[in-house]
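Trainee:
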Amino acid sequence: MSFNRVAPYYRWLETLVYRGQLQQARTAFVREIEHPRRVLVVGEGDGRFLEEFVRVHPGAQVDCVEASAHMIELSRRAAGSAHITFIQADIRTVALPPNSYDLIVTHFLLDCFSEKNLERLIRQLAVAATGDARWLIADFCQPPRGWQRLRARVLIATMYFFFRTVTGIEARRLVDYRPFLVAEDFECLKQVVAPGGMIRSELWQRNR
Numbered sequence: 000m001s002f003n004r005v006a007p008y009y010r011w012l013e014t015l016v017y018r019g020q021l022q023q024a025r026t027a028f029v030r031e032i033e034h035p036r037r038v039l040v041v042g043e044g045d046g047r048f049l050e051e052f053v054r055v056h057p058g059a060q061v062d063c064v065e066a067s068a069h070m071i072e073l074s075r076r077a078a079g080s081a082h083i084t085f086i087q088a089d090i091r092t093v094a095l096p097p098n099s100y101d102l103i104v105t106h107f108l109l110d111c112f113s114e115k116n117l118e119r120l121i122r123q124l125a126v127a128a129t130g131d132a133r134w135l136i137a138d139f140c141q142p143p144r145g146w147q148r149l150r151a152r153v154l155i156a157t158m159y160f161f162f163r164t165v166t167g168i169e170a171r172r173l174v175d176y177r178p179f180l181v182a183e184d185f186e187c188l189k190q191v192v193a194p195g196g197m198i199r200s201e202l203w204q205r206n207r
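With numbering that gives the first Met the number 0 applied, the sequence shown covers 0 to 207.
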């Protein structure tokens, strides 16, 4: 799985289809996170979340794991490198320090994995999280009913076809990640759903 081929065009594609909704989803809870110390950002993309995050939390130490070298280059331009360590790797192959991160960030990442590998990934990240860690997630979802649900199904199916062809993601459909987070003692504190019902932002808190 690599987003190198789409990196130069990703922001343009995102804006064309969703306008500013994806960026609004990424940053929905940035100002509600109090004084994060050590942060793990996985699959950052072109750096727009990091740019906003380091502006609000300049003292946080951030490890950013991103498989695409081109995306890392874009992130460096957007957010700089102060207090950010960029790690070019597939997250599934990275040895993360246990019980180390008080904030995990996975925006538009979890939808790239099959159910089996998604459960493993969440368990891996949970091991690296502290007992009181928070977790920020922005991702796609299915509206519950009506024409918006039909529209979302068509659009999401098109996206999966495109990204499977161009980037090699393994997923073919959206998988509900929430039971895997609950199994690791995380609880969803807040949720915001964008107009149209297919983009969701969540703030999770661990109590262990």
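Virtual Cβ for every residue (Gly too), placed ideally from N, Cα, C. Being a predicted model, the structure only gives us computed values, none of them experimental.
If the criterion is Cβ atoms closer than 8 Å, does the pair Val38 and Gln60 meet it?
Mentor: Yes, they are a contact pair.
Trainee: In this structure, does DSSP put Ala127 in helix, strand or coil?
Mentor: Note: Ala127 maps to helix in three-state DSSP.
Trainee: Answer with buried or exposed for Pro97, where buried requires no fewer than 16 other C-beta atoms within 10 angstroms of its C-beta.
Mentor: Exposed is the call here.
Trainee: Does the beta-carbon of Glu13 have 16 or more other beta-carbons within 10 angstroms, so that it is buried, or is it exposed?
Mentor: It is buried - the Cβ of Glu13 has at least 16 other Cβ atoms within 10 Å.
Trainee: Report the partner residues of Tyr100 according to the DSSP bridge assignment.
Mentor: Ala128, per the DSSP bridge assignment.
Trainee: Could you tell me which whole beta strand (DSSP E) segments of length 3 or greater appear in the stretch 38–70?
Mentor: Taking only runs of at least 3 residues, the beta strand (DSSP E) segments lying wholly in the stretch 38–70 are 60–65.
Trainee: Ends of the alpha helix (DSSP H) at Gln147?
Mentor: Segment Gly145 to Val165, the alpha helix (DSSP H) holding Gln147.
Trainee: Which stretch, first to last residue, makes up the beta strand (DSSP E) that contains Arg199?
Mentor: From DSSP, the beta strand (DSSP E) with Arg199 extends over Ile198 to Arg205.
Trainee: Tell me which residues share the same chain as Ile71 and place their Cβ nearer than 7 Å to its Cβ, disregarding the 5 neighbours each side in the sequence.
Mentor: These residues qualify, in order along the chain: Glu65, Phe85 and Gln87.
Trainee: Return the CA-CA distance between Glu114 and Arg91, expressed in angstroms with no decimal places.
Mentor: Approximately 14 Å between the Cα atoms of the pair.
Trainee: Just grab the DSSP bridge partners of Cys187 for me.
Mentor: DSSP output for Cys187 lists Trp203 as bridge partner(s).
Trainee: Spatial neighbours of Asp110 within its chain, please: C-beta separation below 7 Å, excluding the five flanking residues on both sides.
Mentor: Taken in chain order, the residues that qualify are Asp138, Phe139, Ala170 and Leu173.
Trainee: Determine the closest residue to Leu124 out of Val165, Glu51 and Asp184, with distance taken between C-alpha atoms.
Mentor: Nearest of Val165, Glu51 and Asp184 to Leu124, Cα basis: Asp184.
Trainee: So what does Val192 bridge to, in DSSP terms?
Mentor: In the DSSP output, where bridge partners are listed per residue, Val192 has Arg199.
Trainee: Decide if Asp101 is buried, meaning its Cβ has at least 16 other Cβ atoms within 10 Å, or exposed.
Mentor: By the neighbour-count rule (16 or more Cβ atoms within 10 Å), Asp101 is buried.
Trainee: Does DSSP put Thr26 in a helix, a strand or coil?
Mentor: It is coil, neither helix nor strand.
Trainee: Where does the unbroken beta strand (DSSP E) through Phe85 begin, and where does it stop?
Mentor: Taken as a continuous stretch (DSSP letters only), the beta strand (DSSP E) holding Phe85 covers Ile83 to Gln87.
Trainee: Determine which residues share a DSSP beta bridge with His106 and list them.
Mentor: Partner(s): Ala137.
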